[in-house]
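Residue numbers (my numbering): 654 to 901. Quick notes on the structure that follows.
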Amino acid sequence: MLVVGNWKMHGDWGSNAQRLQALHQQWVAQPSVTLAVCVPSPYLGQAQQALQHGVVAWGAQDVSAHAGGAYTGEVSAAMLADFGTRYVLVGHSERRQYHGETSEHVAAKAQAALHAGITPIVCVGESLAQRQAQQTEAVVLSQLGAVLEALGEQALAMVLAYEPIWSIGTGQTATAEQAQAVHAVLRTRLRQHGAATVPLLYGGSVNPSNVAGLLAQPDINGALVGGASLKADDFLAIGQAALSAAAL
Ligand code: PEP
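Shown next, in the form of structure tokens:
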């Protein structure tokens, strides 16, 4: 199981320090569950300092597809690696929506991350209109397909997160059955690619009350958590629920 917090563009030095300290002090090493937080890039050094002697991993929320050069404002995978970054989100729906990232662009970012030894957490998911038009499967398979094509065998080293856009930050979690149905489709596609072992996370309004039902599903291997990861107690409770689910 893998539980990843996405802090988005929240926090400051003081509040980060408290949250990181709580995670560092209260999360005990567990072979069955990895806990990680994806922080805003300027705070990667702070996360590294706070977490480096513990078991909570840290990651970034985006990476450039380019290795270096005249790309003002971008941050390369090698730069992230300099701060001990283990994970990076790529293709979060907010990046696709507000920054026009295409699936091909997302695939190039995943490639750049892997090249630097960082695990990309590739996010896929449909909008409400697409779900209502029965396009969910086609949308997520197309998003995943672009990444599989670019990564080839390297796809085995990625993590995949299913995040229905209508569920992100809305409090409207997909039911465990809805999530499992999409995860099963994604698993089948990964299996065809020889990558059935890729961890599949669910994301979208996950909280301590609804996480157990989601993690009990056979094809859900963890959670990507936005809002609830900003409260250390809630995030730790989600980690504990993952421990219980892993023990079943
Ligand atoms: C996210 O942004 O990745 C996310 C899942 O957010 P939330 O948990 O707040 O819906």
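Every residue gets a Cβ at the ideal spot worked out from N, C-alpha and C, and that includes glycine.
Here GLN845 is exposed: its Cβ has fewer than 16 other Cβ atoms, across all protein chains shown, within 10 Å. GLY798 carries a helical assignment under DSSP once its states are collapsed to helix, strand and coil. Counting only unbroken stretches of 4 or more residues, the alpha helix (DSSP H) elements lying wholly within the stretch 792 to 853 are 829 to 845, in sequence order. The stretch 798 to 805 makes contact with the stretch 753 to 769: 3 or more CB pairs, one atom from each, lie closer than 8 Å.
Distances from the CB of SER820 to the heavy atoms of ligand 1 include at least one below 8 Å. Beta-bridge analysis with DSSP links GLY712 to CYS691, TYR740.
The beta carbon of GLN788 sits closer than 8 Å to the beta carbons of GLU779 from its chain, once the five residues preceding and following it are set aside; these are given in chain order.
Taking a 10 Å sphere around the C-beta of GLY721, we find fewer than 16 other C-beta atoms and assign the residue as exposed. Checking the DSSP bridge columns, you'll see TYR855 partnered with TYR815, ALA876. LEU883: not part of any beta strand (DSSP E); DSSP gives it neither H nor E. A Cβ-Cβ separation of about 6 Å places ILE771 in contact with ALA730 under the 8 Å criterion. HIS745 has its CB nearer than 8 Å to a heavy atom of ligand 1. Closer than 8 Å to some heavy atom of ligand 1: that describes the Cβ of THR823. In this structure, ALA837 has its beta carbon at no less than 8 Å from each heavy atom of ligand 1. Residue state for ILE771 is assigned as coil, using DSSP reduced to three classes.
Note that the C-beta distance between GLY712 and CYS691 is below 9 Å. Closest in alpha carbon position to ALA769, among VAL728, GLN796, ARG672, ALA700, is VAL728.
Taken from the Cβ of LEU867, every heavy atom of ligand 1 lies 8 Å or farther away. DSSP places VAL864 in the uninterrupted alpha helix (DSSP H) bounded by 864 to 868. Not one heavy atom of ligand 1 lies closer than 8 Å to the C-beta of GLU779. Residue state for VAL777 is assigned as strand, using DSSP reduced to three classes.
Between PRO817 and ARG784, the gap from beta carbon to beta carbon is short of 9 Å. Annotation: VAL657 to ALA876 spans about 6 Å, alpha carbon to alpha carbon.
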